[in-house]
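Okay, structure first, notes after.
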Amino acid sequence: MFKPGLICRKTAGQEKGRVCIVLDVKDNLATIDGYVRKRKCNIGHLEPLASVELPNGASHEDILVLLEASGFKNGGIDKKKKAMKERWKKKSKAR
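Residue 98 in the working numbering sits at position 93 of the sequence shown, with consecutive numbering throughout.
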């Protein structure tokens, strides 16, 4: 079911809710990239959304362009969550 070019949303971990594209699949691990760090991820932690044609040797920037063209512009980052992160950054700088 999981194959290269599949657009997914992460359902677990620190990057939960962010959108990514599957680059490669081996056993139950998928190599992903997009609005997340490029890494291997358990396929049980991914929710399939759509599929795109993935060019060979696509760079990180190419993958972001594919995601934006598919309608995933903010990477699934909630504005409220982003504002909270900015507040925490300001607080940690003040300390």
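For glycine and all other residues, C-beta sits at the position ideal for the given N, C-alpha and C. Treat the numbers as computed from the prediction; the structure is a model and nothing was measured.
- Given that a residue counts as buried once 16 or more other Cβ atoms are within 10 Å of its Cβ, and exposed if not, what is G39? With 16 or more other Cβ atoms within 10 Å, it is buried.
Open item on the list: Just checking: is the beta-carbon of A74 within a distance shorter than 9 angstroms of some beta-carbon in chain D?
Closed with: Going by chain labels, chain D is absent from the structure shown, which holds only one protein chain.
Applying the 10 Å Cβ sphere with the 16-neighbour rule, what's the burial state of A35? The residue is buried, with at least 16 neighbouring Cβ atoms inside 10 Å.
request  = For I48, collect the residues of the same chain with a Cβ closer than 8 angstroms to its Cβ; drop the 5 residues on either side in sequence, then sort them by chain order.
outcome  = So the list reads F7, V30, N33, L34 and A35, once near-sequence residues are dropped.
- Quick one: is the Cβ of K15 within less than 8 angstroms of any heavy atom of the ligand FMN? Summarising the ligand content, the structure contains no ligands, and the ligand FMN is consequently not present.
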